[in-house]
Every structure is written in structure tokens, then in C-alpha cells.
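Taking the numbering used here, the leading residue of the sequence shown gets 3, the next gets one more, and so forth. We put the CB at the ideal spot given by N, CA and C, even for glycine.
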Amino acid sequence: MSEQSSAQRAQYEKMTGTPIPKLVMGLAVPTILSMLITSIYNLADTFFVGQLSTSASGAVGVVSSLMAVIQAVGFMLGHGAGSVISRSLGSGDAHTASRFASTSFFTAIGVGALLGAGGVLGLTPLMRLLGSTETILPHARAYAFYILLAAPFMMSSLVMNNILRYEGKASFAMVGLVTGGVLNMVLDPVFIFGFGMGTGGAGLATGLSQVVSFGILLSMYLRGKTVSRLSIRFYTRRARDLGTILTTGMPSFGRQGLASFASMMLNVAARSYGDAAVAAMSIVSRIFQFLMSVALGVGQGFQPVASYNYGARKFHRVRAACIFTMQASFVLLTALLVVSFLNGEALVRLFRDDDAVTAIALPAFRWQCAATLLQPVMTCSNMLFQSVGKAGRATLLACCRQGIFFIPLVLVLPQVWGLAGVQYSQPIADALSFLVAVPFLWQFLNELDRMEARVQAGEEPE
3 MSEQSSAQRA
13 QYEKMTGTPI
23 PKLVMGLAVP
33 TILSMLITSI
43 YNLADTFFVG
53 QLSTSASGAV
63 GVVSSLMAVI
73 QAVGFMLGHG
83 AGSVISRSLG
93 SGDAHTASRF
103 ASTSFFTAIG
113 VGALLGAGGV
123 LGLTPLMRLL
133 GSTETILPHA
143 RAYAFYILLA
153 APFMMSSLVM
163 NNILRYEGKA
173 SFAMVGLVTG
183 GVLNMVLDPV
193 FIFGFGMGTG
203 GAGLATGLSQ
213 VVSFGILLSM
223 YLRGKTVSRL
233 SIRFYTRRAR
243 DLGTILTTGM
253 PSFGRQGLAS
263 FASMMLNVAA
273 RSYGDAAVAA
283 MSIVSRIFQF
293 LMSVALGVGQ
303 GFQPVASYNY
313 GARKFHRVRA
323 ACIFTMQASF
333 VLLTALLVVS
343 FLNGEALVRL
353 FRDDDAVTAI
363 ALPAFRWQCA
373 ATLLQPVMTC
383 SNMLFQSVGK
393 AGRATLLACC
403 RQGIFFIPLV
413 LVLPQVWGLA
423 GVQYSQPIAD
433 ALSFLVAVPF
443 LWQFLNELDR
453 MEARVQAGEE
463 PE
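Have a look at this one:
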């Protein structure tokens, strides 16, 4: 047996035979650490830029919409290919895994380069479109310029990271992201204050950190640490393969892309109440991106377990992993949210010690603490359907929170409640999304039971 085949067999036995709690948490811990570090360096940008002015702090919220677009495409290509790769490896097909890995990687580089070039050429109108006021605009332009230059590296790094996770090698993915994140936090004060670059320094620090992460993640593939291979010769010649990646990854694009549009709509709604409102809602959003990274990290640890075992027809393990993931996410989130709720004002003032900003941020912060307790069910149901190739249901659930519900609410509620409508739109959208997710999840868990019974009886699952 070749070394490659032996490694592939060992990985199969690990993914299909390790006890579920140990396997999910073993994959989730490095993913949680990766996401926490990513969130921390996003918070670091917010913290250091917030020392400059309220307008500069608002610029971070504006440019976060742009970063969400870049991330949306990267996650779509990475999750779309990763789900297919994991199920292919579960059924013993390494060649298909390399084909989908290479296709998503090189597509990400191309799309990232086009997005970056187009954004730089139309920088000012783009920032206005994303909700920038005239006082925020100079800061937003300076920050976004370097983010756009780094777009190909950021997008393709997300692809490589997600493929590593879906192969069950989350610790390798963690190394690249954590190194880049730590570098970002070190460079932020150096460029912003040491070199006097202001908001542009935060953008340059983020851009350079993404290039470093790209190099580290790429080295994992070049050194043969993965089952799937990256090579232009593996790039697909079949439109159907690219369509499969896009269709399977559409829930991620819906989730991240709508997050970008929702952030833009939130900025537009908030700017009617001044820079303090834009800064306040930006700070609340960044804090909860950090908190939700725990639920997302556990969920992303669950995804390769679901895909691998679904491909291996071990449906009872898929069901058990889903239930364990929701329980673990809820326990971890509850602990974090209690601490955050009790220290809400201190957290907000950490990023911008301004009475006007704090007065606007706190009500939104407290209601969002309550709504975030619903995230484990929403996150796990969405990731379950995506991981097993149920793209339609996954896309619908992914679009609920920040699309189907949030966008109409943030357009309508401020007209009725004024500033309170801006503050409460997201918590209400979360509650409605939870109510939609529950019946879908309940029905599919029962379906997994029926499929397992048919396999045990020697029949083909439906």
C-alpha cells in the first residue's frame, strides 16, 4: 500500500471511527481558536482605529461590508469544494478531491484579483455605496485600499483553510490563520501610530497579515500535508463541476454575502442618526462577530464529520454529531454571553469611550445577547444541510437571518421606531430565523434515523 493510500485510510478510520464528542471537539478547538484570532484582529482594528476619532471608528464598520463580500466568495468556493471533497474522501475518491480543490483555489485567485482591481478603480463611489458619510469617507478610502489589494490572497486563503478543515486537518488550517492574526495585531499600532498612517495603517496591517496566512496555508499543500492536491492541471474542464461548487457553496455565499449587504443597510439606516450611531452599531457588530465565532467554530468542526460520515453511509454518526454540536455550542455561548451582558458598557467603551456612542450601542448589545442564545440551532442546521449536499435547504436557512428577515426589518422598523428600529432589527431577525430552522432540522434528523435503519437492514438509503 502506498504512503498516500495509507494516510488516506488512516484519515478515513479517524473520521468514521473516533467517538463523536472527541472527534467534533478535536476538530472544533483549532477552528474556534482560528476564528477567535480572526475576530480578535478584527476587534484590534476597531480598537486601535477607535483611538483616532468617532469617524475613523465608523470607517471600520463601512469597510467590514467590503470584507464580508470577499469572505462570502471565499467561503462559497471553499465550503462548496470542501463538502464535495469530504464526501469524496469518505467514499474513497481522492482524484475527485484534487479536482475540486484545484478548481476552487484558482477560481478564488482570479475572482479576488478582479474584485480588487475593480474596487480600487471605483473606490470613492464604492465607499459611499457601503454607507460612508462625508466625514467617514477619507478614513474608509484609506482602510479599504489595502484590503482590496489583498483580496486575491484573502479569498484563496479562505478556500485553502476550508479544504483543510473538510479533510479533517483543522490544526493545519489554524496555523496559517493564527500566525496572520497575531501579525495583524502587532502591526496595527506600528502602522497606525508609529508610522502615522492612521486608518490606512490598519488596512495595510490586515493586508500584509493575509499575504502571510496565504503563504503558510499554501505550504501545507506544497509539502504534501493534504490528500487533495493543488495544481492547474487538475482544474476542471467541466462546467458541471464548477456549478456543483457554486451550488453547494451557495449557503455560505448567502450567509456571508447577505452579511455584507445587511451591514451596508445597517450603516445606511444608522447614518441618519450621525457618526455616533454608525460607530455604535459597528462596535456591537464586531463584538458579536467575536462571540458568535464560538458557535461557528464548533459548527465548522462538525461539518467535516457530517460530510465524511454521510459519504461513508454512517448516518447515525451524522445525527449524533449534530446533537452534540448544538449542546456544546449552547453551553459555551451561554457562559460567554452571561459575562458579556454583565460587562456590556465596559466592552463598548473599550472600543470608543464616547457617551453618545455608548448610549446607542448598549440597548442593541443587550438584546443581541439574548438573541445569540438561539445561534446553535440556526448554525448547526444550516451547516448540516450544506455538509450533506442539501444545498436548497441550506441556502434558504442561510438567507433568513441577514437577508429574508433582517433587510425588510431594517428598512421598515426605523420608519416606525426611529433609532430603536436600527437597534432591534437584528435580534428580531434572529428570533424569526430560529423559528424557521427548527422544523427543517427536526424533519431531517428523523430522516437520518430512517436512512440508518435501511442501511442496517441491508437496503439502499432513500
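Residue closest to residue i, alpha-carbon to alpha-carbon, out of the options
i, options, result
"A322", "E15, A12, Y14, L25", "L25"
"A363", "Q388, V350, A146", "V350"
"H81", "I34, V71, S254", "S254"
"S230", "A119, F353, F290, D95", "D95"
"A2", "V341, G299, L352", "In this structure the chain extends from 3 to 464, so residue 2 is not present and cannot be described."
"Y310", "G84, F77, L206", "G84"
"G209", "S159, R240, K16, G28", "S159"
"F108", "S134, R235, L189, T360", "R235"
"P1", "V296, R319, W419", "With the chain represented from 3 up to 464, any question about residue 1 goes unanswered, as that position is not in the structure."
"F195", "P21, T98, F290, L54", "L54"
"F436", "L399, V414, Q425", "L399"
"T381", "A314, V440, P23", "V440"
"G394", "C371, A358, L415, L248", "L248"
"T126", "I111, A103, A146", "A146"
"A455", "Q212, P21, K392, K316", "K316"
"W444", "V414, S233, V379", "V379"
"P246", "F216, P23, V390, I22", "Before going on, a small fix: residue 246 reads as Thr here, not Pro. The shortest Cα separation from T246 among F216, P23, V390, I22 belongs to V390."
"G256", "V86, G112, A396", "A396"
"I111", "V438, F216, T18", "F216"
"M328", "M17, I22, Q370, M176", "I22"
Neighbourhood of residue i by C-beta distance below 7 Å, restricted to the same chain and skipping five residues each side
i, result
"T137", "S57, D277"
"M222", "L166, F174, T228"
"A70", "Q258, A261, S262, S265"
"T238", "R101, T105, L244"
"N448", "none"
"G346", "L364, F367, R368"
"T360", "E347, V350, R351"
"F197", "G203"
"F442", "S383, R395, L399"
"I430", "L411"
Pair within 9 Å by beta-carbon distance, residue i and residue j
i, j, result
"M157", "Q73", "yes"
"V192", "G203", "yes"
"V64", "V51", "no"
"Q377", "D451", "no"
"A207", "L185", "yes"
"E169", "S88", "yes"
"A271", "S427", "yes"
"I218", "G182", "yes"
"M267", "G133", "yes"
"M294", "L220", "no"
"G420", "V412", "no"
"P410", "S274", "no"
"G313", "G92", "yes"
"M187", "A372", "no"
"Q404", "M283", "no"
"L335", "T374", "yes"
"L68", "G120", "no"
"M199", "A142", "no"
"F446", "G251", "no"
"V180", "S287", "no"
"I285", "S342", "no"
"G28", "T18", "no"
"L232", "A30", "no"
Beta-carbon contacts of residue i that lie in its chain and below 8 Å, excluding the five residues immediately before and after
i, result
"L434", "C402, F407"
"M3", "Reliability fails at M3, whose pLDDT of 43 lies under 50, so the model's placement of it is uncertain and the value that follows must be treated cautiously. For M3, where only same-chain residues beyond five positions count, the Cβ hits under 8 Å are R11."
"L38", "F292, S295, V296, G299"
"S211", "Y43, G182, G183, L185, N186, L189"
Cut-off 6 Å between Cβ atoms - residues of its own chain near residue i, not counting five sequence neighbours on either side
i, result
"V333", "none"
"T33", "A172, G299, Q302, G303"
"A330", "V300"
"F49", "F353"
"N164", "G80, H81, G84"
"S90", "T98, A99"
Any beta strand (DSSP E) of 3 or more consecutive residues that is wholly inside the region 261-285: none
The region 322-340 touching the region 377-396, judged by at least three CB pairs closer than 8 Å: yes
In chain order, each alpha helix (DSSP H) run of at least 4 residues that lies wholly inside the region 362-446: Fully enclosed alpha helix (DSSP H) runs of 4 or longer: 377-389, 393-401, 408-419.
Stretch pair the region 116-131 + the region 146-155: three plus CB contacts closer than 8 Å: yes
Every unbroken alpha helix (DSSP H) inside the region 80-165 [4 residues or more]: 96-123, 125-131, 139-151
Uninterrupted alpha helix (DSSP H) stretches inside the region 316-356 (no shorter than 4 residues): Secondary structure within the region 316-356: the alpha helix (DSSP H) runs of 4 or more consecutive residues, fully enclosed, are 317-344, 346-353 (chain order).
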